[in-house]
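Down below is the structure, laid out as structure tokens.
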Amino acid sequence: MFKPNKLVKVKSFEQIIQTLDKNGCVDGLPFMPEMVEYCDKTFRISLKVEKTCVDNPTMFMAEFRNNDVYFLEDLRCSGVYHDGCQRACRIFWKECWLEPIEDINEKETYGSEKNNFEELKKQLRTKQSDEIYFCQSTQLRDATIPLTMKEKILKLFIDVKIGTYNFYEALILLVYPLVRKLIRRIKDQHPKGELTKTPEEILNLKPGELVQVRAFDEIVKTLDKRGRNKGLIFEPEMKVFCGKQFKVRNRLEKMILERSGRMVEVKNSVILEGVTCECYFAFGGCPRKEFQYWREIWLKRIN
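According to our numbering, the sequence shown holds residues 823 to 1125 in order.
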């Protein structure tokens, strides 16, 4: 077991291939072609992934099979081999794909340039069919085991012990979801508007541009009675970002849905740097840190 902040080296592509089954997986978790660029390179362990949310067919919390998965720093999928998916999911790493670096002063960086695109296509799977994609996100259901309430609590204690959360954060992750659930029985907390047809705004924002999230009241005026703008929901957790400034990380024009494995087009939307889901609504928390999705009409450009 690797500890947080420890240096590890991603094994060579040739070594990793030997660990994979016929679908390019270990315990149901795919090694994706987007991960090959990190082979033979050294990174720090961000944390051990004791659990993760899975959105298939509905949202639930689960543990990876064999419980041997890690995050390396904030490495995310580029989507380049999955027809340019722009979700930028955080990459999961099986322990058998990593090896320890004993001397922290030796931070080697080698490449795996000899593994070209055609070779990757032959050895690593990216689709289940013409329309259904195959990646870590779409296969999470097969790579994990659902957790009971008791197991979630135990996992949270383990997260505190290994440093994923401190005591105060753990307390919030126990209490906040229960309070939120109780309040929702009295009043729905999802922001909702009055519109039947929602407006759109085209800002053509580019990566690196500075934007400010509009005031909450302004955003509500762009939502329909289900709390959506052109189908995209404004989550209650996004309210804390209102009025704050962020840089645009990337445009969001297409992404693979975890539930269906299908690619969908997205219009006039972006991802903001550092603005991720903290999963305070999920009992026991989730370290996945998926990016939030922002309609351009919810933002204003800062000159």
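For every residue, glycine included, the Cβ atom is placed at its ideal position computed from N, Cα and C. None of these values were measured; they are calculated from a predicted model.
| L829 to P922, Cα distance in whole Å? | In the sequence shown, counting from the first residue as 1, residue 829 sits at position 7. In the sequence shown, counting from the first residue as 1, residue 922 sits at position 100. So the two alpha carbons sit approximately 7 Å from each other.
| request: Please state whether DSSP places I1109 in a helix, a strand or coil. | output: On the sequence shown, position 287 is the one that residue 1109 refers to. For the record, residue 1109 in the displayed sequence is Pro; it is not Ile. DSSP, reduced to helix, strand and coil, places P1109 outside both helices and strands of the structure shown, so it counts as coil.
| task | Assign V997 to buried or exposed, taking buried as 16 or more other Cβ atoms, counted over all protein chains shown, within 10 Å of its Cβ. | result | Counted from its first residue, the sequence shown places residue 997 at position 175. So V997 counts as exposed.
| request: Return the chain-ordered list of same chain residues with a C-beta closer than 6 Å to the C-beta of N845, the five sequence neighbours on each side being excluded. | output: Position 23 of the sequence shown, counted from the start, is the residue given in the question as residue 845. Result list for N845: R947, in chain order.
| said: Please list the terminal residues of the continuous beta strand (DSSP E) segment that includes D877. | reply: Here residue 877 refers to the residue found at position 55 of the sequence shown. Where D877 is concerned, the enclosing beta strand (DSSP E) stretches over T874 to D877.
| query | Can you tell me whether DSSP reads Y998 as helix, strand or coil? | reply | The residue you call residue 998 lines up with position 176 of the sequence shown. DSSP places Y998 within a helical segment (H, G or I) once states are collapsed to three.
| query | Three or more beta-carbon pairs under 8 Å between the region 1047 to 1059 and the region 1070 to 1080, yes or no? | reply | At 8 Å Cβ cutoff, the stretches do not touch.
| request: Please work out which residues of its chain come closer than 6 Å, Cβ to Cβ, to L897, disregarding the five sequence neighbours upstream and downstream, and give them in chain order. | output: Reading the sequence shown from its first residue, position 75 is the one you call residue 897. The answer, listed in chain order, is I913.
| Which one or two residues does DSSP pair with W915 in a beta bridge? | The count along the sequence shown starts at 1 and reaches residue 915 at position 93. According to DSSP, W915 bridges with Y892.
| field | Option in I1093, Q1067 and R1084 with minimal Cα separation from K1122 | value | Counting from 1 along the sequence shown, the entry for residue 1122 is found at position 300. The residue with the shortest Cα to Cα distance from K1122 is Q1067.
| Anticipated Cβ contact below 8 Å, T1044 with W1120, distance rounded | Mapped onto the sequence shown, residue 1044 falls at position 222. Mapped onto the sequence shown, residue 1120 falls at position 298. Their Cβ separation, rounded to whole angstroms, is 7 Å, which keeps T1044 and W1120 in contact under 8 Å.
| In three-state DSSP terms, what is V858? | As a working mapping, residue 858 is identified with position 36 in the sequence shown. Looking at V858 - three-state DSSP - the assignment turns out to be helix.
| Contact set for L842: own chain, Cβ-Cβ below 7 Å, skip 5 residues either direction | By 1-based counting over the sequence shown, the position of residue 842 is 20. Residues V848 and F853 of the same chain have their beta carbon placed closer than 7 Å to that of L842, with the five preceding and five following residues left out of the count.
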